[in-house]
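Going letter by letter, the sequence shown gives residues 4 to 216 in the working numbering.
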Amino acid sequence: MIFEEVREVIVSSVSGKITVEEHKEDFVEVDYIIEGECDVKIKQEGEKLIIKEEPKKKKILGIINKDLKGKADITVKVPESVFVTASTVNGTVLIEGAKTRKITSVNGSIVLREARVSEISTVNGGISGSIALAEDLEVSAVNGSISLDIEDIEGDGIVSTVNGSVRIRLSDLCDVTVLASAVNGRIHVDDFEDGEFKLKVSTVNGSVVVERF
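Written out as structure tokens, the structure reads:
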């Protein structure tokens, strides 16, 4: 399915995988594969496109709604100019090259490939991959490790987890001062001083490594 004149995409799922890819076209393309009892609702409101996975429901005794088992794996292809917000409850989020406002997961991993990001969070799951541009970066996990390669940073940033290790690799384009902390774990940080922006990296239970690549 093709949608034109879109500036923002909001995509959410309960159990399925979300994949967002940047492409060279000037429209948004949406595909999905359904397994079991599930629907995908798509609605365009002006320049905003909303994509939502919804499990089908069954009434028990004519009163109680029970979610049936099913999921939808959703793939969204977007132009460079489109901002994306993606969220899932029990699924993986994969972002390839696209520009995102916010990525969230409750029970699932988040994988980035040359993405442009600002806010990323998960409760139970890891965050990994590569970032082309981090703007006012906020990355957080509760139970999960964080492993990211960052090519460029604009604005101050925070990367934190409670239970898990953090490994950040920064290119020479990243003009940052790194402030690292770990309550129960080792810390290794390459020489990052007198940078224009501050990058705070922390964990409670785990190690912190910040280095150049």
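Glycine residues also receive a C-beta, built at the ideal position from the N, C-alpha and C atoms.
What you are looking at is a predicted structure, and each value in this text was computed from that prediction instead of being measured.
Straight-line Cα distance separating V31 from V85: 9 Å
Beta-carbon proximity of A101 to E25, cut-off 9 Å: yes
Same chain only: Cβ atoms within 6 Å of I190, ignoring 5 sequence neighbours per side: A183 and V211
Given K220 as reference, the closest of G39, V33 and E38 once Cα atoms are compared: Because the chain is modelled from 4 through 216, residue 220 falls outside the range shown and cannot be assessed.
For E122, the first and last residue of its enclosing beta strand (DSSP E): I113 to N127
Cβ neighbours of L97 in the same chain (closer than 6 Å, five flanking residues each side left out): T22 and V114
Bridge partners - P58, DSSP secondary structure assignment: C41
Given I12 as reference, the closest of E214, L52, I123 and A118 once Cα atoms are compared: Per the sequence presented here, residue 12 reads as Val, with Ile not at that position. The shortest Cα separation from V12 among E214, L52, I123 and A118 belongs to L52.
Range covered by the beta strand (DSSP E) that runs through T78: G73 to V81
Where the beta strand (DSSP E) containing L176 begins and where it ends: Run containing L176: none; DSSP gives neither H nor E here.
Beta-carbon proximity check, V79 vs V14, cutoff 9 Å: yes
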